[in-house]
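A.B. asks: Numbering (my numbering), first residue to last: 1 to 216.
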Amino acid sequence: MTSPTNQDSGSEHDEKTVNRKRNLKPILVKIGLDMIPVIGGILIALFINSLQENRRDQQLLASTLASLSDEFSKNKESIEKILPRQQLFLDSLRFFSENESYSIADIGTKTKGIVLSELHSTNWRTSLNNNSLRLLNFEAINLLSRIDAKREELKDQEAFINPTVFGPPFFKKGKEGMEYRKGMELWMAGLIGNETELLELYREFEELLQNKRYQR
């Protein structure tokens, strides 16, 4: 049987607990109300920061695409300017393919010289370094990679052609000269083919920009 003293003690404890909770409630409410502006301020700051980052990303992306477009346009003009002369040189190599009396130099003279494209990739390298490509979707990245790979392939082809153009084979005639000319014919055909493919890739890039199919 519980003694009256114990009952009074328990009642007094319960009453203190109730009073403590009653007194604590307004304090918690006040703290909660005071925190609302703080939390709201943090959320607003995060939102503004997100907007600013997004704006910076968009500016970086716009700048990158403008630089790439300008570079590709210049490369495109360079290729389009020399393609007719390269095709004329290739046609002449084929026409005189069985004639031992002509050297590569002779045929080059008939066709106003051998010309190679001057392609730039400065803005592409800059884009890789500034991390702006992370803002592009897979289609755009894939296209840019194909453009760069084709440009590198052309660079390698020109490296094969240069020793012939600037070395003794350039002036060789007879059967040996014919062999050099056949090699030059194959190289020029491959070079023109790759330049034509690169022009098509540049046109795809222009279309991608016009239709805004580049962003994530």
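Think of the CB as a built atom: it goes at the ideal place given N, C-alpha and C, for glycine as much as any other residue.
#1: Would you mind working out which of Glu80, Glu98, Glu158 and Glu152 sits nearest Thr122, comparing C-alpha positions?
#2: Taking all protein chains shown into account, do 16 or more other C-beta atoms lie within 10 angstroms of the C-beta of Arg181, making it buried, or fewer, making it exposed?
#3: What is the rounded straight-line gap between the Cα of Phe166 and the Cα of Asn75?
#4: Using three-state DSSP, classify Leu154 as helix, strand or coil.
#5: Distance, Cα to Cα, Glu185 vs Ile104?
#6: Compare the Cα-Cα distances from Gly113 to each of Ser78, Ile82 and Gly177 and report the closest residue.
#7: Suppose you measure from the CA of Lys150 to the CA of Ile192; what does that come to, to the nearest Å?
#8: So, helix, strand or coil for Leu116, using DSSP?
#9: Between Leu116 and the rest of its own chain, which residues show a CB-CB distance below 6 Å, the 5 nearest in sequence each way excluded?
#10: What does DSSP give as the partner residue(s) for Gln215 in the beta ladder?
#11: How is the alpha helix (DSSP H) around Lys182 delimited, first residue to last?
#12: Return helix, strand or coil for Thr111, following the three-state DSSP convention.
C.D. replies: Let's see:
#1: Glu152
#2: buried
#3: 24 Å
#4: helix
#5: 10 Å
#6: Ile82
#7: 12 Å
#8: coil
#9: Glu158
#10: Leu136
#11: Gly174 to Gln210
#12: coil
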